[in-house]
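**Q** The following block contains the structure, expressed as structure tokens.
Numbering (my numbering), first residue to last: 6 to 578.
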């Protein structure tokens, strides 16, 4: 019998029996195998049994599928011993009728037999230190196995107190994939802020060895710390005669230019301009020339640290400081723009959590769907905390509770309407079939007389105490009457009905909520829902006007959303 072995990037393995003719793989719920890492697409791949063989097929994989290190197009045969790469996961087929010999094992045995080998110059990767007093130093990975640590036996020696004697090992396998392994160090190994015992390395990955951070540069990548950080000075300890000659030539040129400018300016008197500064404060120009860029680098690293923790307000302060110290620093400007974008997405995440606490399920889902960048911090948090699942469960519970109440009250049309709403918003809900069956049984069961609770215990059941079932007509409100009348209860019912449409049919939701606002003009919460429906229907300025009318009576997440929308659309004022 064949089994599917799934291994994540930390080496943890899961075995799945191959008992189905088709197995779907992806990040979205409903797949046979759900893999939750962000580099797995919602509908990534499927495994198919056909003619006694297993095939792997790409469905909608943004990052593709690799079979034994080669990206496949369409469908490919998947045999025992092959390795299929889906995001950070590795898939293997196990045949219980014969010993397991995987492609990965074969490659590992070949590497172990060969031992560390030199890597050609054009295929060498690099580690570039971006923190501490070693910032700017580069270490080429010249062999297929490189040991890193503070001890003299290591290939790369980093003399820092947070580095263990033998801290980590970087290896390159037969497939030219670089991998870092923690050698049971005291302070561990992190890649992009997450601890790993072993991890494949991709271009741009930030490796933390204790308190020392380095960037992994893939073979052929022309990344430079000096260029990225906007440094003029060479932070590397290496020097050469050619660089000294170039430095002398540049200095001589500067002296000549200064002399020319002095001669030209003598004939032209200029008023003295004095810039007053506070005691102990340096002028910006002087500060940039005097500093060795350590302040700028420190601000950028602190910005990066706070951003990794999701503390984007603090990160933005440090990025802003870095750009003020050196406006031409490309890395600081890029970090500032990145953190600004992350902060905007974090607002959606914060709003979603607030809406869930207030049981505003649809609004929470709208905020979650507004986080379109799947690689952002907000998207990772939403996935980690299961906010989408919680929002869907919140919507499901509300419709289920409303349908069950209507069934108990024999309001069969209302119960059917709630079931239809549930099916429209959550088509795959297991509650739909149960509620439908309960409703059908209740309709077929003879109605039992209901005792009037105000009657005494000896009263006889009869026609005077029976309550016939109420056949509630469809809750479609008739056209608005010319004489406007307030009806808060009907307005609330219309607003509740509109919640079932705001995700799939915002135009219909807006129609219902407009009528609700006419019936209860002073209800700020209903008016904010009306504004949201208009917003989702693409009617920006009408939505702005409704938000403006409602914002004074709102609180919590609804008020914040209204204020954010109005701030983004001042043209509608």
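By construction, the Cβ of each residue, glycine as well, lies at the ideal position given by its N, Cα and C atoms.
Only a predicted model underlies this, so the values are computations on that prediction, with no experimental measurement involved.
Report yes or no: do three or more beta-carbon pairs, one from the region 117 to 136 and one from the region 213 to 232, lie closer than 8 Å?
**A** They touch, by the three-pair rule.
**Q** What is the DSSP secondary structure of residue 352, reduced to helix, strand or coil?
**A** Reduced to three states, the DSSP call for residue 352 is helix.
**Q** On the CB-based measure, 16 or more other CB atoms within 10 Å of its CB, does residue 227 come out buried or exposed?
**A** Residue 227 is exposed by the Cβ-count criterion.
**Q** Less than 8 Å between the beta carbons of residue 383 and residue 350, yes or no?
**A** Against a cut-off of 8 Å, the Cβ pair of residue 350 and residue 383 comes out as a contact.
**Q** Report buried or exposed for residue 166, applying the criterion of at least 16 other Cβ atoms within 10 angstroms of its Cβ.
**A** Answer is exposed; the Cβ neighbour count stays below 16.
**Q** Between the beta-carbon of residue 430 and the beta-carbon of residue 508, is there less than 8 Å?
**A** Taking 8 Å as the Cβ cut-off, residue 430 and residue 508 qualify as a contacting pair.
**Q** Just verifying my parser: in three-state terms, what is the DSSP assignment at residue 581?
**A** With the chain represented from 6 up to 578, any question about residue 581 goes unanswered, as that position is not in the structure.
**Q** Just to check my reading of the structure: residue 301 and residue 324 have Cβ atoms closer than 8 Å, yes? What is that Cβ distance to the nearest angstrom?
**A** With a Cβ gap of about 11 Å, residue 301 and residue 324 do not count as contacting.
**Q** Taking 8 Å as the threshold, find out whether the region 501 to 518 comes into contact with the region 351 to 371 through three or more Cβ pairs.
**A** As far as the Cβ criterion goes, the region 501 to 518 touches the region 351 to 371, which means the pair count is three or higher.
**Q** Please report how far the alpha carbon of residue 47 lies from the alpha carbon of residue 67, in whole angstroms.
**A** The alpha-carbon atoms of residue 47 and residue 67 are separated by roughly 9 Å.
**Q** Would you call residue 212 buried or exposed, if buried means 16 or more other Cβ atoms sit within 10 Å of its Cβ?
**A** Buried, because 16 or more other Cβ atoms sit within 10 Å of the Cβ of residue 212.
**Q** Would you kindly report the start and end of the unbroken alpha helix (DSSP H) that includes residue 317?
**A** Residues 317 to 330.
**Q** With a 10 Å radius around its C-beta and 16 neighbouring C-beta atoms as the bar for buried, classify residue 503 as buried or exposed.
**A** Result: buried.
**Q** Between the alpha carbons of residue 314 and residue 83, how many angstroms are there, rounded?
**A** Straight-line Cα distance between these residues: approximately 40 Å.
**Q** Below 6 Å CB to CB, which residues in the same chain sit around residue 306 once its five sequence neighbours on both sides are set aside?
**A** Once the five neighbours on either side are set aside, the close Cβ partners of residue 306 are 136.
**Q** Of the residues 205, 447, 163, which one's Cα is nearest the Cα of residue 90?
**A** Minimum Cα distance to residue 90 is reached at 205.
**Q** What's the gap between the Cα of residue 365 and the Cα of residue 576?
**A** Approximately 29 Å, taken between the alpha carbons.
**Q** Within the same chain, show all residues whose beta-carbon is closer than 6 Å to that of residue 195, passing over the 5 residues directly before and after it, in chain order.
**A** Around residue 195: 213.
**Q** Looking only at C-alpha atoms, which of 27, 33, 43 sits nearest to residue 57?
**A** Nearest option by C-alpha distance: 27.
**Q** Quick one: residues in its chain with C-beta nearer than 6 Å to the C-beta of residue 538, no 5 flanking neighbours on either side, listed in chain order?
**A** Once the five neighbours on either side are set aside, the close Cβ partners of residue 538 are 507, 511, 514, 515, 518.
**Q** Is DSSP giving residue 227 helix, strand or coil here?
**A** In this structure, residue 227 counts as coil in the three-state DSSP scheme.
**Q** Within the continuous alpha helix (DSSP H) that includes residue 571, where are the two ends?
**A** Taken as a continuous stretch (DSSP letters only), the alpha helix (DSSP H) holding residue 571 covers 561 to 573.
**Q** Distance check for residue 393 and residue 185, CA to CA, integer angstroms please.
**A** If you take the alpha carbons of residue 185 and residue 393, they lie about 34 Å apart.
**Q** Distance check for residue 201 and residue 154, CA to CA, integer angstroms please.
**A** Their Cα atoms are separated by approximately 17 Å.
**Q** Residue 478 to residue 423, Cα distance in whole Å?
**A** Caution applies to residue 478, whose pLDDT of 49 falls short of 50 and renders its modelled position unreliable; the value that the coordinates give is listed next. Approximately 13 Å between the Cα atoms of the pair.
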